[in-house]
Amino acid sequence: MTEHLMKILVVGDWNVGKSSFVHRYVNGHFNKAYKMTVGVDFSVKLLHWSDKEKVRLQLWDIAGQERFISMTRIYYKGALGCVVMFDVTSSSSFLNCRHWKQDLDHKAMLPNGNSIPCILLANKCDLAQRVVSAESINRFSKANGFITWIEISVKENKNIGEAMRVLVQEILAVQ
Ligand code: GDP
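Reminder that position 80 of the sequence shown reads as 80 in the UniProt record's numbering, one-by-one numbering, no gaps.
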């Protein structure tokens with residue numbers, strides 16, 4: 001049995017649903033390992049990936065920021081994957097994904113020098129008052145080097161596990 005340890009960052013503007021996402025995904029196995037003074041904490045989820053492989057995910061969620069702030073390099077250290085999240089009812093949270101992705105590519109890279117796999121998650125798709133179209137998300141995702149983008153609703157538990165599987169799959173593929 002092989003066990004992969006993966007540090008995964010969850011970034012995006014305040015209020016897009018990052019901590020709700022992590023709580024939902026980690027579910028009953030929620031484990032608030034510790035809370036750092038800089039406002040970062042991580043949760044752990046163990047995946048039984050295949051007969052021969054387990055994946056231990058460390059999800060690092062930034063907390064308490066009202067807008068984009070460049071994060072410290074320590075936060076990025078050793079990260080193998082990233083979730084960039086926005087809220088489909090907030091165009092500013094969508095526009096800021098550019099900053100989050102650029103900051104990521106600036107500060108984190110794989111041991112081979114490539115940028116780390118990153119997925120774009122469009123949260124709150126249960127809400128009727130969406131202001132960001134699928135077409136613009138698609139264009140943005142392609143232009144900015146995301147693996148792909150997926151519409152999710154943390155509230156309705158839609159596409160959460162699916163999105164993380166796509167990310168983990170890509171992380172394993174580029175190792
Ligand atoms: P964070 O600041 O990015 O960590 O965001 P939170 O996880 O604190 O969520 C911000 C607010 O959005 C909370 O009131 C959540 O209940 C709400 N929220 C999170 N996900 C969803 C969703 O999928 N749909 C709806 N309607 N609300 C959501």
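All residues carry an ideal CB built from backbone N, CA and C; glycine is no exception.
- Item | Any non-hydrogen atom of the ligand GDP within 7 Å of C123 CB | On the sequence shown, position 123 is the one that residue 123 refers to. Just to set this straight, residue 123 is Asn in the shown sequence, not Cys. The beta carbon of N123 sits closer than 7 Å to at least one heavy atom of the ligand GDP.
- Item | Whole-number beta carbon distance between E151 and C125, since they are thought to touch under 8 Å | Sequence index remark: in the sequence shown, residue 125 carries index 125 (1-based). Sequence index remark: in the sequence shown, residue 151 carries index 151 (1-based). With a Cβ gap of about 4 Å, C125 and E151 count as contacting.
- Nearest neighbour of E3, chosen from W49, V10, K18 and Q129 [CA to CA]: One-based indexing of the sequence shown puts residue 3 at position 3. Measuring from the Cα of E3, the nearest candidate turns out to be W49.
- Task: Can you grab the Cα-Cα spacing for the pair K35 / K7, in whole Å?
- Result: Residue mapping note: residue 35 aligns to position 35 of the sequence shown, counting from 1. Residue mapping note: residue 7 aligns to position 7 of the sequence shown, counting from 1. Per-residue confidence for K35 stands at a pLDDT of 43, beneath the threshold of 50, marking its modelled position as unreliable; the derived number appears in the next sentence. In this structure, the straight-line span from the alpha carbon of K35 to that of K7 is close to 16 Å.
- Based on the DSSP secondary-structure assignment, which residues constitute the bridge partners of Q102? Locating residue 102 in the sequence shown gives position 102, where the first residue counts as 1. Paired residue(s): none; Q102 is not in a bridge.
- Message: Using the three-state DSSP reduction, which class does R139 fall into: helix, strand or coil?
- Response: Taking the first residue of the sequence shown as position 1, residue 139 is located at position 139. Helix, per DSSP.
- Secondary structure at V16, three-state DSSP: helix, strand or coil? Along the sequence shown, one-based indexing puts residue 16 at 16. In the three-state scheme derived from DSSP, where H, G and I count as helix and E and B as strand, V16 is classed as coil.
- Over the uninterrupted alpha helix (DSSP H) stretch that includes M1, give me the two end residues. Residue 1 sits at position 1 when you count from the first residue of the sequence shown. Counting along the chain, M1 sits inside no alpha helix (DSSP H), nor does DSSP assign it H or E at all.
- F42, DSSP secondary structure in three states: Along the sequence shown, one-based indexing puts residue 42 at 42. The three-state secondary structure of F42, taken from DSSP, is strand.
- Item | Three-state class that DSSP yields for K7 in the structure shown | Here residue 7 refers to the residue found at position 7 of the sequence shown. If DSSP states are grouped into helix, strand and coil, K7 belongs with the strands.
- Item | Sequence-distant residues of the same chain with beta carbon closer than 7 Å to I171, five excluded per side | Counting from 1 along the sequence shown, the entry for residue 171 is found at position 171. So the list reads M6, L80, G81 and P117, once near-sequence residues are dropped.
- Go ahead and pull the three-state DSSP assignment for C118. For this step, residue 118 is matched to residue 118 along the sequence shown. Here DSSP, grouped into helix, strand and coil, assigns C118 to strand.
- Query: Hey, would you say K101 sits closer than 8 Å to N144, going by beta carbons?
  - Reply: Position 101 of the sequence shown, counted from the first residue, corresponds to residue 101. Position 144 of the sequence shown, counted from the first residue, corresponds to residue 144. Pairing K101 with N144 gives a Cβ-Cβ distance under 8 Å.
- Query: Distance, Cα to Cα, V84 vs L120?
  - Reply: Numbered from its first residue, the sequence shown carries residue 84 at position 84. Numbered from its first residue, the sequence shown carries residue 120 at position 120. Computed Cα separation, rounded: 5 Å.
- Taking 7 Å as the cut-off, is the CB of D105 close to at least one heavy atom of the ligand GDP? Here residue 105 refers to the residue found at position 105 of the sequence shown. Distance from the C-beta of D105 to the nearest heavy atom of the ligand GDP is not below 7 Å.
- Message: Shorter than 7 Å, the distance from the beta carbon of N15 to the closest heavy atom of the ligand GDP, or not?
- Response: Taking the sequence shown and counting its residues from 1, the one referred to as residue 15 is at position 15. Yes - the ligand GDP has a heavy atom lying nearer than 7 Å to the Cβ of N15.
- Give me whichever residues DSSP pairs with S153 in a beta bridge. Stepping through the sequence shown from its first residue, residue 153 is reached at position 153. Residue pairing of S153 in beta bridges, as defined by DSSP: K158.
- Query: So V131 and S91 are in contact, right, with Cβ under 8 Å, and what is the actual spacing, rounded?
  - Reply: In the sequence shown, residue 131 corresponds to position 131, counting from 1. In the sequence shown, residue 91 corresponds to position 91, counting from 1. Yes, V131 and S91 are in contact; Cβ-Cβ is about 5 Å, under 8 Å.
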